[in-house]
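Notes follow the structure.
Numbering (this note's numbering), first residue to last: 16 to 269.
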């Protein structure tokens, strides 16, 4: 696993305190002990703690950018079909500098925007900054295997892999009594709420777009859609479909 975090501010000239970012990033050291990185520009900072899994070289350092510097990504996860996607992107003219799935996801977003999520087979939480449009894109995988939390504080938008990284930036860690009661009773909190006031989680199968201080959240995957596809094909044997899906999932993870 890796740890990701960042801060964006609607004022494009605002200088985010570097020490605030480092406090967030290094609170996530246990998630990524192998490497640490940061990206800083007026109005935005991104941080990453990396656990090296695929590309063992420094070429997988994060945050990572496209060659023109327009898009920057900080990423936690693993996309199992990244080799197939990489081949497709190479036919579109992209030249890769690393062997990571991170770079594949980054170039795929540059090509297709949020629609690229449908093509990813894996588990992930990511943030991609578009420096030209000054837009931040956050996304979680279909089942929410990788966590992602966010908060708005003093006009700025904060995000991180864990709540405690947000608190390391100075956001007050105030309990929400109602949500905390729900957590203690059911050991689960429904929806985007967390036990902390002002801190939310991005739900599984959702993505978030931030621009000029405005937040838009959309659901990009729903289990019911997959069920309808299967039920809509009466000639497909469900057991056969499961076996093919299961075997494919195992093969991709080898």
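Ideal Cβ placement from N, Cα and C applies to all residues, glycine included.
Through-space distance from residue j to residue i, alpha-carbon basis
| i | j | result |
| --- | --- | --- |
| residue 218 | residue 159 | 7 Å |
| residue 36 | residue 242 | 42 Å |
| residue 69 | residue 177 | 23 Å |
| residue 106 | residue 93 | 22 Å |
| residue 175 | residue 17 | 11 Å |
| residue 258 | residue 117 | 29 Å |
| residue 198 | residue 240 | 29 Å |
| residue 71 | residue 112 | 13 Å |
| residue 115 | residue 79 | 11 Å |
| residue 251 | residue 56 | 52 Å |
| residue 42 | residue 50 | 14 Å |
| residue 66 | residue 91 | 9 Å |
| residue 254 | residue 261 | 10 Å |
| residue 129 | residue 110 | 21 Å |
| residue 256 | residue 73 | 40 Å |
| residue 203 | residue 194 | 9 Å |
| residue 192 | residue 266 | 46 Å |
| residue 206 | residue 29 | 32 Å |
| residue 180 | residue 234 | 25 Å |
| residue 196 | residue 216 | 18 Å |
| residue 169 | residue 31 | 12 Å |
| residue 212 | residue 200 | 18 Å |
| residue 60 | residue 153 | 14 Å |
| residue 329 | residue 108 | Here the chain comprises residues numbered 16 to 269, so residue 329 is not present and cannot be evaluated. |
| residue 126 | residue 188 | 39 Å |
For residue j and residue i, believed in contact at Cβ under 8 Å, the rounded distance
| i | j | result |
| --- | --- | --- |
| residue 171 | residue 22 | 5 Å |
| residue 120 | residue 141 | 7 Å |
| residue 182 | residue 210 | So it is not a contact: roughly 12 Å between Cβ atoms. |
| residue 146 | residue 229 | About 18 Å; that fails the 8 Å criterion. |
| residue 89 | residue 62 | 7 Å |
| residue 225 | residue 151 | 4 Å |
| residue 77 | residue 52 | 5 Å |
| residue 227 | residue 25 | 5 Å |
| residue 161 | residue 138 | 5 Å |
| residue 184 | residue 39 | 5 Å |
| residue 27 | residue 208 | Going by Cβ atoms, the distance from residue 27 to residue 208 rounds to 31 Å, so no, they are not a contact pair. |
| residue 155 | residue 100 | The Cβ separation is near 19 Å, so there is no contact. |
7 Å Cβ cutoff met for residue i and residue j
| i | j | result |
| --- | --- | --- |
| residue 214 | residue 164 | yes |
| residue 220 | residue 157 | yes |
| residue 355 | residue 232 | Within the shown structure, residues of the chain are numbered from 16 to 269, placing residue 355 beyond reach of any answer. |
| residue 33 | residue 47 | no |
| residue 268 | residue 97 | no |
| residue 143 | residue 166 | no |
| residue 87 | residue 122 | no |
Can you list the beta strand (DSSP E) stretches of 3 or more residues lying completely in the segment 18-89, in chain order? The qualifying runs are 18-23, 50-56, 59-65.
Every unbroken beta strand (DSSP E) within the segment 205-251, with a cutoff of 3 residues, ordered by chain: Here the runs fully enclosed are 214-216, 221-226, 229-234.
Within the segment 146-203, ranges of the beta strand (DSSP E) (whole runs, at least 3 residues): Counting only runs of 3 or more, we get 150-155, 164-168, 171-175.
Please give me, in chain order, every unbroken run of the alpha helix (DSSP H) with length at least 4 that falls completely inside the segment 85-124. Those alpha helix (DSSP H) runs which fall completely within the segment 85-124 and span 4+ residues are 97-106.
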